[in-house]
Structures are given as structure tokens and as C-alpha cells.
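If you read the protein sequences in the order shown, they are chains A and B.
So for the first sequence, the UniProt record's numbering puts the first residue at 1; every next one is plus one.
So for the second sequence, the UniProt record's numbering puts the first residue at 1; every next one is plus one.
Glycine residues also receive a C-beta, built at the ideal position from the N, C-alpha and C atoms.
Encoded as C-alpha cells, the structure appears first; notes follow it.
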Amino acid sequence: MSTPKNRPETKPAGTTRRGAMKTLAAGLGAASLPMWARYTNAQTAEPIKIGFQVHRTGIGAAYGRWYGRTTEAAARLINEGGGINGRMVEIVAEDDGTDPKRGAEVVEKFASQHGCDLAFGTLFSHVVIGSAPRAGELKMPYFVVSEGHHVASGMLNRYTLQPGITDVKSQVQAMAPFVAQNLGKKVTMVFPDFAFGHDHRDFFTQAIEAQGGEVLAHIAIPPSETSFTKYFPKIPRETEVLYHVMVGPAVLTFVKELGEFFGPSRPEMFGFIDSLEAVAIDSPGLEYLEGTYFWEGNPRHAQADQSEHDKFFRAAVGVNDQGASISDPSDVSTYAHMFGCWETLHVIKAGMEASGYSGTQDRAALIEAVEAMTDMPESRAHPQGAKLFNGKTHQVFGHQYISKVTGGKLLCVHKTSIEDTLYPDETDYTTQPF
Amino acid sequence: MSGGARVIALHGGLIALLFVLQFVLPAYHHGNLARIMVLASYAVGYNILFGYTGLLSLGHALFFAAGMYGMGLGIQHLGLTPAPALVLGLVAGAVVSGGLALLALRTTGVAFMIVTLMFAQAGYLTILYFGEYTRGDEGFVIQQAQRVLWGIDLSDPGNRYFAALILFGSCLMLSLWLVRAPFGKVLVAIRENEERVRMLGYDIFAHKLLAMIISGTIAAAAGASYGLLFGYAGASFASVQYSIFPLLWVLLGGAGTVLGPFIGTLFMFYLIDLSSGVTTAYMLIAGVALVLLTLFAPQGLMGELRRRVWRGLP
Numbered sequence: 001m002s003t004p005k006n007r008p009e010t011k012p013a014g015t016t017r018r019g020a021m022k023t024l025a026a027g028l029g030a031a032s033l034p035m036w037a038r039y040t041n042a043q044t045a046e047p048i049k050i051g052f053q054v055h056r057t058g059i060g061a062a063y064g065r066w067y068g069r070t071t072e073a074a075a076r077l078i079n080e081g082g083g084i085n086g087r088m089v090e091i092v093a094e095d096d097g098t099d100p101k102r103g104a105e106v107v108e109k110f111a112s113q114h115g116c117d118l119a120f121g122t123l124f125s126h127v128v129i130g131s132a133p134r135a136g137e138l139k140m141p142y143f144v145v146s147e148g149h150h151v152a153s154g155m156l157n158r159y160t161l162q163p164g165i166t167d168v169k170s171q172v173q174a175m176a177p178f179v180a181q182n183l184g185k186k187v188t189m190v191f192p193d194f195a196f197g198h199d200h201r202d203f204f205t206q207a208i209e210a211q212g213g214e215v216l217a218h219i220a221i222p223p224s225e226t227s228f229t230k231y232f233p234k235i236p237r238e239t240e241v242l243y244h245v246m247v248g249p250a251v252l253t254f255v256k257e258l259g260e261f262f263g264p265s266r267p268e269m270f271g272f273i274d275s276l277e278a279v280a281i282d283s284p285g286l287e288y289l290e291g292t293y294f295w296e297g298n299p300r301h302a303q304a305d306q307s308e309h310d311k312f313f314r315a316a317v318g319v320n321d322q323g324a325s326i327s328d329p330s331d332v333s334t335y336a337h338m339f340g341c342w343e344t345l346h347v348i349k350a351g352m353e354a355s356g357y358s359g360t361q362d363r364a365a366l367i368e369a370v371e372a373m374t375d376m377p378e379s380r381a382h383p384q385g386a387k388l389f390n391g392k393t394h395q396v397f398g399h400q401y402i403s404k405v406t407g408g409k410l411l412c413v414h415k416t417s418i419e420d421t422l423y424p425d426e427t428d429y430t431t432q433p434f
Numbered sequence: 001m002s003g004g005a006r007v008i009a010l011h012g013g014l015i016a017l018l019f020v021l022q023f024v025l026p027a028y029h030h031g032n033l034a035r036i037m038v039l040a041s042y043a044v045g046y047n048i049l050f051g052y053t054g055l056l057s058l059g060h061a062l063f064f065a066a067g068m069y070g071m072g073l074g075i076q077h078l079g080l081t082p083a084p085a086l087v088l089g090l091v092a093g094a095v096v097s098g099g100l101a102l103l104a105l106r107t108t109g110v111a112f113m114i115v116t117l118m119f120a121q122a123g124y125l126t127i128l129y130f131g132e133y134t135r136g137d138e139g140f141v142i143q144q145a146q147r148v149l150w151g152i153d154l155s156d157p158g159n160r161y162f163a164a165l166i167l168f169g170s171c172l173m174l175s176l177w178l179v180r181a182p183f184g185k186v187l188v189a190i191r192e193n194e195e196r197v198r199m200l201g202y203d204i205f206a207h208k209l210l211a212m213i214i215s216g217t218i219a220a221a222a223g224a225s226y227g228l229l230f231g232y233a234g235a236s237f238a239s240v241q242y243s244i245f246p247l248l249w250v251l252l253g254g255a256g257t258v259l260g261p262f263i264g265t266l267f268m269f270y271l272i273d274l275s276s277g278v279t280t281a282y283m284l285i286a287g288v289a290l291v292l293l294t295l296f297a298p299q300g301l302m303g304e305l306r307r308r309v310w311r312g313l314p
């Protein structure tokens with residue numbers, strides 16, 4: 001039997017001067033080939049370069065890690081299926097440090113140095129808003145996965161689109177009917193005192209009033225706060241629902257202190273899972289959340305009626321039924337948001353195919369092709385659910401999920417319709433010239 | 001060549017070089033250099049207070065942000081055109097730095113650092129608190145149409161580069177003139193021995209106050225220009241990180257040298273840009289570089305040049 005072990009060892013031939021010269025000559029010859037010669041057919045063999053602006057460091061790092069894994073999985077799937085217009089997709093990732101200044105620099109790097117076809121993937125709103133002007137000036141399509149209302153509000157430009165994730169205004173608005181009908185109409189809101197919290201304050205207050213409810217008190221928590229006990233006495237006694245959107249590491253303290261304050265006689269509680277993305281819902285200290293409700297962009301725990309598309313998506317990204325990494329169950333994903341990267345890449349693929357995209361000269365055609373999209377049925381490309389894209393506002397609309405913490409699991413109790421999430425257009429980007 | 005002529009030749013030469021570079025640099029580095037010049041102007045402002053007067057402020061982001069928001073809010077809410085908005089940014093910087101100076105200059109040393117740091121943090125939280133106007137941490141876009149100064153579109157790469165060059169050139173020359181003027185020499189003397197200067201009859205407080213206002217206003221000019229040239233104003237520019245950056249740039253380049261801030265900013269920018277392509281721990285690389293420089297060139301790059309080659313370098 002011949003195994004590698006008992007094969008006679010072959011000695012590498014000694015390097016001779018002639019051999020070295022030959023190798024050197026061959027190397028020089030290869031290097032001197034003109035760039036075009038590396039591709040037999042440039043149009044089909046050159047990859048489509050997608051600049052991935054990723055929060056690898058800074059406050060968004062946990063999101064960035066999972067946005068990265070989802071993006072790699074989606075790109076792998078697209079490439080296995082033959083790429084886009086016969087060309088492979090290459091993801092060029094650059095860390096933006098979750099900082100708007102670095103974000104803008106990264107966009108410039110994609111456009112001018114890496115020669116990317118487009119930029120994609122940004123989550124945090126301040127990075128999007130800081131980078132979008134540069135993307136517009138560089139005339140580079142910029143597909144964000146941010147859930148900020150900045151795109152649909154008309155603040156940005158024609159080159160910035162959000163076709164893979166819904167925005168905070170539609171999410172918050174769609175929660176109001178469920179809250180009013182099932183939990184109560186007298187709401188107290190606790191939110192961080194910065195733009196994300198203010199969006200919740202403004203949009204939800206408006207939406208609950210439309211449902212005949214009211215917000216009894218707005219309790220804004222300064223971002224540097226580490227203890228919340230002093231804020232709880234401000235919660236009016238007649239509060240039926242406590243709406244909370246705390247984000248950052250303080251959330252564990254928040255929940256613990258809330259439990260100490262209310263004890264067993266708490267009001268109904270409704271929160272946004274943003275606070276607990278990448279955190280196991282059964283973590284010690286979070287027991288008080290049992291029986292409370294959460295918005296989820298996409299149900300983290302696989303549900304009994306899980307769609308085949310969700311199953312496929314989980315397997316492709318490497319996420320188990322609890323929403324954690326298959327290889328490390330303590331590594332919980334940002335499941336409510338990361339599908340946005342997957343879906344956005346598929347929208348880019350569809351847009352490039354519809355416009356016959358062949359290079360940067362077709363960027364405007366790509367944007368027009370995406371603007372022309374409307375219905376996006378639930379599929380492998382859209383595992384979170386069906387979507388409706390508004391080409392004028394560059395924003396997608398979709399179903400939202402409400403889950404109840406039951407026995408340490410997030411059980412989906414309500415799925416909103418897409419209609420619940422719609423609101424009148426606030427801008428029309430299609431009127432802007434390219 | 002006399003010392004004065006050499007100084008003019010060196011600093012004028014840098015500006016001339018930067019002027020020429022815009023025609024030869026590839027697009028990416030062209031854009032980077034425009035950004036570096038604006039940030040270097042910020043560092044030039046910082047250097048006047050730290051490098052020449054010897055006051056270590058940890059609150060300069062407040063002045064940078066005062067300029068950025070003075071300009072940005074003027075455009076956004078008062079409907080100003082860029083020129084008066086820029087002036088508003090400068091005035092905001094002068095007023096804020098003057099106000100802070102009146103309070104902070106009652107302290108020295110570590111207390112001065114802490115007071116400036118605390119006020120800058122208060123400024124940052126104020127921006128978040130008035131989110132209705134400032135859009136808080138998210139910030140806001142200054143649209144392309146709002147960035148046309150006297151018919152010149154500042155979002156155009158060439159115009160942006162030129163505007164950044166004018167800003168940087170002005171700040172550099174102002175700094176050079178200042179440190180060679182009697183006023184600047186008094187500042188250096190204060191840095192070296194405050195009590196002796198007081199004994200000679202100079203008004204220390206007035207000199208420090210003016211130094212801080214000049215420093216803060218230059219920082220504000222950089223902040224206002226940054227917002228106008230890159231189309232964004234946001235609270236992250238008021239965070240403590242942006243108070244530390246000019247300190248690092250100045251330390252790297254050489255505190256108390258006119259060219260140091262530019263060299264430091266350039267060095268740090270490309271250090272981060274290149275190392276971030278290799279590792280996510282790029283701030284570690286920046287930290288190690290800083291430690292090495294502190295060990296082997298404690299005066300910074302230009303300071304080392306002054307020590308070894310040209311003792312008269314301003």
C-alpha cells in the first residue's frame with residue numbers, strides 16, 4: 001500500500017543559476033503582459049467589485065461582524081449561481097470604524113482606488129449621512145442597509161438607495177395598531193436622547209395617537225447614563241404600556257433596574273430588539289423580559305411555521321435555530337437586521353441584470369432599473385418576506401414581526417401587513433438629475 | 001540664503017508643492033490631500049495653543065464643532081449662503097473659545113486639561129440635546145446646492161482641493177507670522193518659563209486668552225470648511241476623539257513647529273489608511289507608532305529635524 005508516509009521522499013532539485021534566471025525571465029515576461037491580457041474577455045471575466053463599507057470596529061462592530069458574514073454568504077451564493085451577467089462578484093471590504101469621517105473616506109477609496117462598481121452595506125445612520133454626499137459627488141451607487149429614515153426623508157441623493165431593509169418610520173408606525181389593540185393605549189416611552197431615540201419618540205407618538213392612544217410621558221435618557229433608577233419614578237402610574245428602545249451595553253442594567261423597580265406588578269412592555277441584537281435573550285439578568293414583547297425585523301428564533309427560505313438563509317449564513325452561530329452558539333447574530341445585506345445584494349443583482357450592467361458607465365442605468373422595481377416576492381433572494389419598493393423615495397417596505405418572550409424564546413405573535421408600514425412619500429429622487 | 005529667506009522658501013515651497021500636486025495626484029490621493037489640508041489646519045490651530053503656548057487642551061473638538069455647526073446651522077436654519085455661514089462659523093468659534101478661555105485659564109496643568117475636556121463633553125451633549133435642530137448624532141447633509149460659494153461649486157474635486165489649499169495656506173502663514181512676531185515670542189516664553197515672563201511685565205492672562213481665541217478660531221475655520229467641503233455636519237466631530245486627534249497629529253509632526261501639524265496629520269492619515277487594509281487593529285499600529293516616536297523622536301518628526309539639521313526652524 002502506498003501512503004504518503006512510505007513514499008520515497010523526493011528531494012527538491014537544487015536551484016541552479018540557470019534555473020533561477022529562467023524563472024526570473026518567465027516572471028518578468030508574465031508581469032509585462034498588458035493588463036487586458038489577464039482576462040481573455042474583460043467584459044465577462046473581470047469581477048464586479050462591490051465595496052462593502054463595514055463597521056468592523058467602533059460601536060457597530062457586533063453588527064458589522066454579522067453583516068460581513070451575511071454579505072460573504074450572499075456573494076458566495078450569487079457566484080455559485082454564475083455571478084451577475086456572467087461575472088463573479090468580488091466583495092471589497094473596508095472598515096469605517098463606525099465613524100462618519102472615515103466612512104466618507106472609505107467611499108472615496110472604493111470609488112477612486114479600488115475601482116468598485118458601487119458601495120454597499122452601511123448600517124449606522126451617522127455613517128450613512130456622512131458618506132452619502134461623497135457617494136453622490138463621485139456618482140457611485142450607494143446601497144445602504146441602515147433602517148434609518150434618512151433615505152426616504154429626502155435628505156440624501158439619487159445615488160443612495162435602501163432596497164433591502166425597511167426604515168424606522170415604517171417599523172415604528174406599524175407597531176402602533178398591535179400595541180393599542182393588545183397591550184394598552186396609555187403609553188410611556190423610554191428612549192435614548194439622541195437621533196435614533198428621537199425618531200422613535202416622534203414616529204410612535206404620532207402613530208399611537210392615530211390609533212386613539214396617547215403617550216403619557218416621554219422619558220429621554222442621556223446617552224452617557226449608566227444607571228436608570230432615577231428615571232423610573234417619572235413613569236406615570238396609569239401607564240399601561242412601557243415602550244423602550246434602549247441601545248448599547250447599558251441595556252442589561254436597564255432591564256435589571258426596571259425589574260427591581262416594578263417587581264411583579266409591571267405594565268405591559270414593548271421594546272425594539274435593536275437593544276438586544278447580538279445578545280442572547282436568555283442571558284442572566286434578562287429574566288425580567290419574560291412575557292414582554294419585541295419588534296423584530298426578522299424572527300431570531302426559528303418559528304414553527306418557518307419558511308423554506310428562512311431555513312435556507314440560516315444554513316447559508318451559518319446560523320442555528322436560536323439565531324446564533326452554528327460553530328459557536330454563544331455568538332448570537334444580529335438576525336433582525338442582517339438579512340438586509342443578503343436582500344440588498346440580490347436587489348443589486350436583479351438591477352444589474354435588468355439594466356444589462358457592464359461597467360461603471362452603466363451606473364445610472366442600474367439606479368433606474370432599481371427605481372423601476374416594485375414587488376419583491378418572498379423567495380430565497382428575500383427570505384425575510386415579500387417587499388414593496390418605492391422607486392421615488394428609494395426605500396423598501398415590508399412585513400414587520402412582533403415576538404413575545406416565552407420561556408426564554410422569542411415567539412412570533414404578529415406579522416404586520418406591508419400596508420401597515422406605508423406612509424406618504426416625502427421626496428422624489430427620480431426628479432434629480434444623475 | 002538668510003534664515004528668514006530659508007523659512008519663507010520652506011513654507012512657501014510646501015504650499016507651492018501642494019498647489020502643483022493637485023495636477024499630478026491620482027483621484028484618491030487628490031481627495032485625501034484636500035481632507036488632510038483641512039484637518040492639518042485644525043492641527044495648526046491646536047499647535048498655537050499646545051506647541052507654542054504650552055497649554056494642553058483636551059477640548060478642541062468643541063471649537064472645531066462650533067465652526068462646523070455655526071456654519072451648518074446657519075445654512076440649514078437661517079438660509080445663509082456659504083460666505084456668511086463661514087463667517088458665522090468663525091464667530092461661533094471665536095466666541096466659544098473666548099468664553100471657555102475665560103473660565104479654563106483660571107486653571108493650569110492637569111486642571112486645565114480636565115476643564116477643557118469637560119466643557120467639550122458638555123458641548124457634545126448639547127448638540128445631542130438639541131437634536132431637533134442639530135439632528136444629534138446622526139447629523140445632517142449640507143446639500144450640493146447649498147455649497148456654492150460665489151458661483152464656485154465646492155463639491156467639485158478641483159474646487160474643493162483649491163479651497164482646502166487656501167484655508168491651509170492661510171492658517172500656515174498666519175501661524176508662521178504669529179510665531180515670528182513679538183506676540184508669538186512671548187507665547188513661547190510663557191511656555192518656557194511663565195513666572196519669568198510675568199516678572200518681565202507681560203500680561204500672561206491676556207496673551208493666553210488671545211492665543212486660545214486664535215487657536216479656537218482656526219479650529220473653527222477648519223470645522224466650518226470641513227462641513228462645507230464634504231457636505232456633512234455631525235456630533236461625532238464634537239466627541240472626545242476629535243479632541244485627541246489634533247494632539248496626536250501635533251505630537252507626531254512636532255509640537256512647536258509650524259510644519260509639524262501638517263506632517264503629523266499626513267503621516268497619521270496614511271498610517272491609518274494603509275494599516276486598516278491589513279488589520280482591524282489599526283489603532284494599535286497607530287499607538288505603537290506613537291510610542292516609538294515618543295521614544296526615539298520625542299520632539300516629533302519636524303522637531304527631530306530641528307534638533308539634528310536646522311536649529312532655527314520655526
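- When the Cα atoms are used, aspartate 375 (chain A) and alanine 94 (chain B) turn out to be separated by approximately 54 Å.
- Exclusion of the five residues before and after arginine 56 (chain A) leaves Gly64, Asp95 as the residues of its chain whose Cβ lies within less than 6 Å of its Cβ.
- With 16 or more other CB atoms across the displayed protein chains lying within 10 angstroms of its CB, aspartate 273 (chain B) is buried.
- The straight-line gap separating the alpha-carbon atoms of glycine 356 (chain A) and valine 250 (chain B) is approximately 51 Å.
- Put simply, the CB of arginine 196 (chain B) is far from chain A, with every gap to its CB atoms at 7 Å or more.
- Among the residues facing chain A, glutamate 138 (chain B) is included, as its CB has a counterpart in that chain under 7 Å away.
- Between the C-alpha atoms of arginine 363 (chain A) and leucine 118 (chain A) there is a straight-line separation of about 8 Å.
- Taking 7 Å as the CB threshold, aspartate 428 (chain A) stays off the interface with chain B.
- Among the bridge pairs identified by DSSP, tyrosine 202 (chain B) is matched with none.
- Under a criterion of Cβ atoms nearer than 8 Å, the residues of chain A adjacent to glycine 234 (chain B) are, in order, Pro100, His126, Ile129, Gly130.
- Residue pairing from DSSP places valine 148 (chain B) in a beta bridge opposite B:Asp153.
- Between tyrosine 243 (chain A) and arginine 300 (chain A), the C-beta spacing is not below 7 Å.
- A distance of 7 Å or more separates the beta carbons of glycine 45 (chain B) and glycine 256 (chain B).
- Here methionine 189 (chain A) carries a strand assignment [DSSP, helix/strand/coil].
- Below the 8 Å Cβ cutoff, chain A contributes Pro133, Glu137 as neighbours of serine 155 (chain B), in chain order.
- Methionine 338 (chain A) carries a helical assignment under DSSP once its states are collapsed to helix, strand and coil.
- With 16 or more other Cβ atoms from the protein chains shown falling within 10 Å of its own Cβ, tyrosine 142 (chain A) counts as buried.
- Closest in C-alpha terms to alanine 75 (chain A), from the list A:His346, A:Thr421, A:Ala386, A:Pro100, comes A:His346.
- Per DSSP, reduced to three states, the secondary structure at arginine 87 (chain A) is strand.
- Assigned with DSSP and collapsed to three states, threonine 406 (chain A) falls in strand.
- For leucine 10 (chain B), the closest Cβ of chain A is not nearer than 7 Å.
- Any Cβ of chain A closer than 7 Å to the Cβ of threonine 280 (chain B) would place that residue at the interface, and such an atom is present.
- In this chain, methionine 269 (chain A) is not harboured by any alpha helix (DSSP H); it is covered by the beta strand (DSSP E) spanning 268–272.
- With respect to the 7 Å criterion, leucine 410 (chain A) and isoleucine 219 (chain A) are not classified as neighbours on the basis of their beta carbons.
- Identification of residues in the region 39–73 of chain B having a C-beta nearer than 8 Å to some C-beta of chain A yields an empty set.
- Residue state for glutamine 121 (chain B) is assigned as helix, using DSSP reduced to three classes.
- A straight line joining the alpha-carbon of glycine 287 (chain B) with that of valine 151 (chain A) spans about 37 Å.
- In chain order, Val141 make up the part of chain B whose C-beta sits under 8 Å from the C-beta of leucine 156 (chain A).
- At least one beta carbon of chain B lies nearer than 7 Å to the beta carbon of aspartate 95 (chain A).
- At a cut-off of 7 Å between beta-carbon atoms, arginine 135 (chain B) makes contact with chain A.
- At least one beta carbon of chain A lies nearer than 7 Å to the beta carbon of leucine 128 (chain B).
- In this structure the region 79–94 of chain B does not touch the region 241–249 of chain B; the number of beta carbon pairs closer than 8 Å is below three.
- With a contact defined as Cβ atoms closer than 8 Å, alanine 278 (chain A) and valine 332 (chain A) qualify at about 5 Å.
- Each residue's CA atom was taken as its position, placing threonine 70 (chain A) and valine 54 (chain A) some 12 Å apart.
- Secondary structure of phenylalanine 63 (chain B) (DSSP, three-state): helix.
- Each residue's CA atom was taken as its position, placing tyrosine 202 (chain B) and valine 168 (chain A) some 59 Å apart.
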